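Shown next, in structure tokens, is the structure this report addresses.
In the working numbering, the protein residues as written are 90 to 227.
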């Protein structure tokens with residue numbers, strides 16, 4: 090692990106999504122997810138949206154804490170302290186089994202291979218159960 094990777098911190102943020110017809114089937118508060126990273130120089134948000142991937146950098150200013158700010162806005166924020174890289178050795182990881190959704194892209198960014206975790210709430214439960222994480226207090 091390089092020094093820059095050791096200083097990098099990762100949060101997964103769960104929130105409601107815009108009012109598309111299909112999100113009514115998802116649990117309220119868990120209709121979308123995205124990543125927040127903190128490096129030594131900046132906060133980075135990686136937000137897989139319907140039509141594009143929004144990647145934004147925000148300068149680290151004073152004691153401003155993006156995950157705490159998002160938690161105060163009512164979003165569910167968890168810090169992934171030890172994302173596990175995929176250790177899958179069974180059947181081939183076919184690309185078509187990973188949907189191009191916010192959940193699929195967040196799992197890929199974290200290096201998680203769990204093909205049956207398909208919704209933001211299922212990802213939230215999986216991260217709480219299988220990964221060493223901290224929940225941000227709102």
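Each residue gets a CB set at the ideal place from its N, CA and C atoms; glycine is no exception. Source: prediction; values computed, not measured.
query: From the DSSP secondary-structure annotation, give me the bridge partner or partners of residue 135.; result: 124 and 144
query: Taking the C-alpha atoms as reference points, what is the distance between residue 160 and residue 152?; result: 16 Å
query: Confirm, please, whether the CB-CB distance from residue 122 to residue 212 is below 9 Å.; result: yes
query: What residue from 202, 194 and 217 has the CA that sits closest to residue 137's CA?; result: 194
query: How far does the alpha helix (DSSP H) with residue 189 in it extend, from its first residue to its last?; result: No alpha helix (DSSP H) holds residue 189; DSSP gives it neither H nor E.
query: Looking only at its chain, what residues have a beta carbon closer than 6 Å to the beta carbon of residue 191, apart from the 5 residues adjacent to it on each side?; result: 121, 122 and 137
query: Give the DSSP-derived three-state secondary structure of residue 178 in the structure shown.; result: Unreliable placement is indicated for residue 178, whose pLDDT of 49 sits below 50; the coordinate value is still reported in the next sentence. Residue 178: coil per DSSP, three-state reduction.
query: Residues bridged to residue 165 by DSSP?; result: 103
query: Please list the terminal residues of the continuous alpha helix (DSSP H) segment that includes residue 212.; result: 209-219
query: For residue 196, which of helix, strand or coil comes out of DSSP?; result: helix
query: When you compare only the Cα positions, how much space is there between residue 100 and residue 139?; result: 21 Å
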